[in-house]
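**Student:** Each step along the sequence shown adds one to the number in full-length UniProt numbering, with nothing skipped, and position 331 is 331.
For every residue, glycine included, the Cβ atom is placed at its ideal position computed from N, Cα and C.
Just dropping this structure here.
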Amino acid sequence: RSQQIRRHALAQAAHAEARRLEAAQAWSAPPYPASAYEQLADEPPDVDWIFGDLWSGIAQVNAQKKSGKTTLLMNAAASLVTGEPFLGRFEVAVESDCRVGYLNMELTKGQFNRWLADMALPDDGLKRLVPYHGRENGRLDLTNDAAVEWAVRWLRDTGISVLIMDPLGSFYDQPSGGDPNAAYLRWWKRLEHVVLQADLRGVLIAHHTGYSEDGGNRARGASAMMDKPDVNLTYRYEAGEGSYTDAPRDSKRYLSAFGRDVDVSEFEVDYDLRRRLLRVTGGGSRAASAVDRYALKAYDVLVAHTHQEKQNGADGIVELKAGDLSDLAGVSATSQHSAKFRQGRASAVKQGWINERRQGPSQFYSLGDVVPPSHQKRKVGNIVNPN
């Protein structure tokens, strides 16, 4: 038994020594760095933005499942090769002849190219976008020396300066045991090697988030996945009634970003299906959007109820108790959306769309004197506001 243990230990030591020698042979000595004084004199200290105030260096999009992360990355590629502001908001800061590599491991070649055709990019832009389709040509495992060598040669030979990787899971296999951070950090070193050897200016990686509500803001897997990127972008949607993992309630998405020199609060993005283009709406966060939506919902429920009661002969002010208003809005007291509905109802009261009357512990609601701007041309029956 002791001899087996000794042989195993010797074999492990031999493997470790072989890895050390291989790493030493692959390493090339960099030049000695200049002093900080010389570096500041020679180079502008500005951030090397890809998209102004949003992306520099290696950025990672942590996206909720089926949120449309590939569409978001294709929009990023479109901005890079056309110079159009990303999402209509973030200025593009790359050269006018920038060439973009897109490692598409998510869609088939046919589907990717159909989506790309829908975007109607100019020919000059299409000539500078170079998609690699993994489902047809095979995945690129960056732990494989041959794959890394091929990737570096391809990027250099084609003059690509910005690389998009979709998704992370197709380039990195999470280990089933051991320390996931150690495995990821080894993979990250390989990625940095590719960036250095290919002289890439920027990389944008798509990754999935966790399934819990809080996990929806973080990369799924090793905690180092949130530590290493220069910028983490979070891409989410507002779910329908039920758990947060339900399908999106509409086409709106919400993007935020945080990282080195980057702090962008969550904002709303909408989708033009015909051209597959994403644009900022001017709306704020998911929370703000939910409040606005439920404020209108409370108003609409009261309009419909008031109209029905008037049709049935009711006279004077028509009211609903708080619980009845929630029930008619389809939001039960135990729903995870009940707090948002109460906030929306309070917003509707504040804006004068509905009135609130308190009697002991009870709250009663009726239509106010103000019609929401979005409803001023709408009618229920023959009038805009039935009260």
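#1: Which residue wins for smallest C-alpha separation from A329, given the options V303, R275, V318, E309?
#2: Rounding to the nearest angstrom, what Cα-Cα distance links S28 and R156 in this structure?
#3: Tell me S362's beta-bridge partners as DSSP assigns them.
#4: Buried or exposed: where does residue 407 fall if 16 or more other Cβ atoms within 10 Å of its Cβ makes it buried?
#5: Nearest-angstrom Cα distance between I317 and A348?
#6: With DSSP collapsed to three states, give me the class of N144.
#7: Pull up the distance between the alpha-carbon of W187 and that of T158, whole angstroms please.
#8: Leaving aside the five residues before and after R20 along the sequence, list all residues of the same chain whose C-beta is less than 7 Å from its C-beta, in chain order.
#9: Since F90 and G52 are thought to touch, with beta carbons under 8 Å apart, how far apart are those beta carbons, to the nearest angstrom?
#10: By the three-class DSSP mapping on this structure, what secondary structure does S223 have?
#11: Spatial neighbours of R345 within its chain, please: C-beta separation below 6 Å, excluding the five flanking residues on both sides.
#12: Provide the residue span of the beta strand (DSSP E) that contains M165, from first to last.
#13: How would you call N232, buried or exposed, if buried means at least 16 neighbouring beta carbons within 10 angstroms?
#14: Please classify R276 as buried or exposed, where buried requires at least 16 neighbouring CB atoms within 10 angstroms.
#15: If the criterion is Cβ atoms closer than 8 Å, does the pair L278 and T71 meet it?
#16: For I5 versus Y102, is the C-beta spacing smaller than 8 Å?
#17: Report, in whole angstroms, the separation of the C-beta atoms of K340 and H208, which I expect to be a contact under 8 Å.
#18: How is the alpha helix (DSSP H) around W115 delimited, first residue to last?
#19: Can you give the Cα-Cα distance for D300 and V262, rounded to whole angstroms?
#20: Rounding to the nearest angstrom, what Cα-Cα distance links A313 and D292 in this structure?
#21: Nearest CA to the CA of V92: which residue from A206, S79, N104?
#22: Under 6 Å Cβ to Cβ from Q311, same chain only, skipping five residues before and after it: list those, please.
#23: So Y254 is in the beta strand (DSSP E); what residue range does that whole segment cover?
**Tutor:** With the given structure in hand:
#1: By 1-based counting over the sequence shown, the position of residue 329 is 329. With distances taken between Cα atoms, A329 lies closest to V303.
#2: As a position in the sequence shown, residue 28 is number 28, starting the count at 1. As a position in the sequence shown, residue 156 is number 156, starting the count at 1. So the two alpha carbons sit approximately 18 Å from each other.
#3: On the sequence shown, residue 362 is found 362 positions in, with the first residue counted as 1. S362 pairs with Q359.
#4: Here the chain covers residues 1 to 387 and nothing more, so residue 407 does not appear.
#5: In the sequence shown, residue 317 corresponds to position 317, counting from 1. In the sequence shown, residue 348 corresponds to position 348, counting from 1. Rounded to whole angstroms, I317 to A348 spans 17 Å at the Cα level.
#6: Numbered from 1 along the sequence shown, position 144 holds the residue referred to as residue 144. N144: coil per DSSP, three-state reduction.
#7: The sequence position of residue 187 within the sequence shown is 187, counting from 1. The sequence position of residue 158 within the sequence shown is 158, counting from 1. So the two alpha carbons sit approximately 24 Å from each other.
#8: Stepping through the sequence shown from its first residue, residue 20 is reached at position 20. Excluding residues within five positions, none has a Cβ falling inside 7 Å.
#9: As a first step, residue 90 is located in the sequence shown; it is residue number 90 there, counting from the start. As a first step, residue 52 is located in the sequence shown; it is residue number 52 there, counting from the start. Correct: roughly 6 Å between the Cβ atoms.
#10: As a position in the sequence shown, residue 223 is number 223, starting the count at 1. Coil, per DSSP.
#11: Counting from one through the sequence shown, the residue named residue 345 turns up at place 345. Correct list, in chain order: A298.
#12: Looking up residue 165 in the sequence shown gives position 165. Per DSSP, M165 belongs to the beta strand (DSSP E) from 162–166.
#13: The residue you call residue 232 lines up with position 232 of the sequence shown. Counting Cβ neighbours within 10 Å, N232 comes out buried, since at least 16 surround it.
#14: The residue labelled residue 276 in the question sits at position 276 within the sequence shown. Classification for R276: buried.
#15: Working through the sequence shown from its first residue, we reach residue 278 at position 278. Working through the sequence shown from its first residue, we reach residue 71 at position 71. Yes, they are a contact pair.
#16: The residue labelled residue 5 in the question sits at position 5 within the sequence shown. The residue labelled residue 102 in the question sits at position 102 within the sequence shown. Against a cut-off of 8 Å, the Cβ pair of Y102 and I5 comes out as no contact.
#17: As a first step, residue 340 is located in the sequence shown; it is residue number 340 there, counting from the start. As a first step, residue 208 is located in the sequence shown; it is residue number 208 there, counting from the start. So it is not a contact: roughly 25 Å between Cβ atoms.
#18: Looking up residue 115 in the sequence shown gives position 115. Segment 109–118, the alpha helix (DSSP H) holding W115.
#19: For the purposes of this step, residue 300 is taken as residue 300 along the sequence shown, with counting starting at 1. For the purposes of this step, residue 262 is taken as residue 262 along the sequence shown, with counting starting at 1. Spanning the two alpha carbons is a distance of roughly 40 Å.
#20: For the purposes of this step, residue 313 is identified with residue 313 of the sequence shown, where counting begins at 1. For the purposes of this step, residue 292 is identified with residue 292 of the sequence shown, where counting begins at 1. It is Gly, not Ala, that sits at residue 313 in the sequence shown. Using only the alpha carbons, I get a separation of about 32 Å.
#21: By 1-based counting over the sequence shown, the position of residue 92 is 92. Of the candidates A206, S79, N104, the one whose C-alpha sits nearest the C-alpha of V92 is S79.
#22: The sequence position of residue 311 within the sequence shown is 311, counting from 1. The answer is none, since no qualifying residue turns up.
#23: Indexing the sequence shown from 1 puts residue 254 at position 254. It spans 253–259 - the beta strand (DSSP E) in which Y254 sits, taken as one unbroken run.
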